[in-house]
Amino acid sequence: MPWASVEEAIATFQRGEFVMVMDSDDREDECDLVLAAERVTAEQMAFAIRYTTGIVCVVADQARLEHFGLHPATGRNTDANSTNFYVSTDYLPGTSTGVSAADRAATARALCDLSLPAEAFSKPGHLFPLCARPGGVLERPGHTESTFDLCRLSGTTHVGVLAELMHDNGTMFRRDDALEFGRKHGIPVITVPQLIGYRRQHALAAAPVVPSAAAASPVAAAPTAASAGAEPPAQAPAERAELGSGQPASRL
1 MPWASVEEAI ATFQRGEFVM VMDSDDREDE CDLVLAAERV TAEQMAFAIR YTTGIVCVVA
61 DQARLEHFGL HPATGRNTDA NSTNFYVSTD YLPGTSTGVS AADRAATARA LCDLSLPAEA
121 FSKPGHLFPL CARPGGVLER PGHTESTFDL CRLSGTTHVG VLAELMHDNG TMFRRDDALE
181 FGRKHGIPVI TVPQLIGYRR QHALAAAPVV PSAAAASPVA AAPTAASAGA EPPAQAPAER
241 AELGSGQPAS RL
């Protein structure tokens, strides 16, 4: 099975289905399952947990994470690839213990809804936020930014889910493993370098405008006219606006 096209991956991601993203062999050399958070189901989350390390992350930008009262997991990041973990979280109204597939899916979907207040989320929890760089893969060529760029390119809410694929024996998926898994399960597989090339030629959807503290209160949680009746969770209209692709930066 050859690599899929970025266009195919974007269309699949937009439908709320899994995409696989393979890192460069001179970086992590690992493959992640990724999908849009706005419609993630308990069944999809269970699939991700079953075939990955079980550490499921949710990708968003800094403004969204801070809106929900989430902050960096450490004040001094010494990770080799500068992976920007934030404190873990659960969505309180829609979960029980927070660890089940259904609970983690509910938390991921809730992080798409900017009308929810920070108090709706416990810290710590069982879903691990990752803060994406604004420049996406052109700024940092990792799985975090790949997922974030797929959100922006597909026009979905700027929140994604990712988990690293792992064999039953505890070893990580490599290139051939990823292609075989994708063929078996009908999941398109792309690479980070492919996405970098695509990003250099296409514009992105801009980040949403995070509401003020007053607008984020439970009293102001009703959807706006722009979002009423829409299938995805509430989001600011600016989330669909166009943004330039920016400039590539050095690899981290």
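In this text, residue positions in the sequence shown follow full-length UniProt numbering: the first is 1, and each later residue adds one.
Every residue gets a Cβ at the ideal spot worked out from N, C-alpha and C, and that includes glycine.
As the structure is a prediction and not an experimental result, all values here were calculated from the model.
| Check | Outcome |
| --- | --- |
| Of the residues Met20, Ser100, Ser88, the one placed nearest leucine 111, counting alpha carbons only | Ser88 |
| Per DSSP, cross-strand counterpart(s) of alanine 32 | Sequence check: residue 32 is aspartate here, not alanine. Its beta-bridge partners are Val21, Glu164. |
| Backbone secondary structure at cysteine 151 - three-state DSSP | helix |
| Assigned exposure category for proline 141 - 16 Cβ within 10 Å defines buried | buried |
| contact_flag[the stretch 3 to 18, the stretch 182 to 193] where n(CB pairs < 8 Å) is 3 or more | yes |
| Opening and closing residue of the beta strand (DSSP E) in which valine 58 lies | 57 to 60 |
| Rounded distance between the beta-carbons of aspartate 90 and phenylalanine 128, thought under 8 Å | Actually they do not touch by this definition, with Cβ atoms about 11 Å apart. |
| Boundaries (first-last residue) of the alpha helix (DSSP H) holding tyrosine 86 | Unbroken run through tyrosine 86: none, as it is neither H nor E. |
| Rounded separation between cysteine 151 and leucine 162 - CA only | 12 Å |
| Stretch pair the stretch 95 to 103 + the stretch 70 to 77: three plus CB contacts closer than 8 Å | no |
| Element boundaries [alpha helix (DSSP H), containing leucine 138] | Taken as a continuous stretch (DSSP letters only), leucine 138 belongs to no alpha helix (DSSP H), as it is neither H nor E. |
| Reference alanine 102, options Leu35, Glu30, Pro2, Gln44, closest by Cα | Gln44 |
| Residues near threonine 53 in its chain [Cβ-Cβ closer than 6 Å; skip 5 each side] | Glu164, Met166 |
| Pick from Val99, Val56, Ala37, Arg175 that is closest to phenylalanine 85, judged by C-alpha positions | Val56 |
| Pairwise C-alpha distance: alanine 37 and threonine 147 | 10 Å |
| Segment limits, beta strand (DSSP E) that includes threonine 12 | Looking at the DSSP string, threonine 12 is not in any beta strand (DSSP E); the run it does join, the alpha helix (DSSP H), is 6 to 14. |
| Buried versus exposed call for glycine 170 [16 or more other C-beta atoms within 10 Å across all chains shown] | exposed |
| Exposure of glutamine 201, with buried meaning 16 or more beta-carbon neighbours within 10 Å | exposed |
| Burial state of alanine 105, where buried means 16 or more other Cβ atoms lie within 10 Å | buried |
| Alpha-carbon to alpha-carbon, leucine 65 and leucine 114 | 10 Å |
| Collapsed DSSP secondary structure at residue 276 in the structure displayed | Nothing in the structure corresponds to residue 276, since the chain is present only between 1 and 252. |
| Counterpart residues of proline 72 in DSSP-defined beta bridges | Tyr86 |
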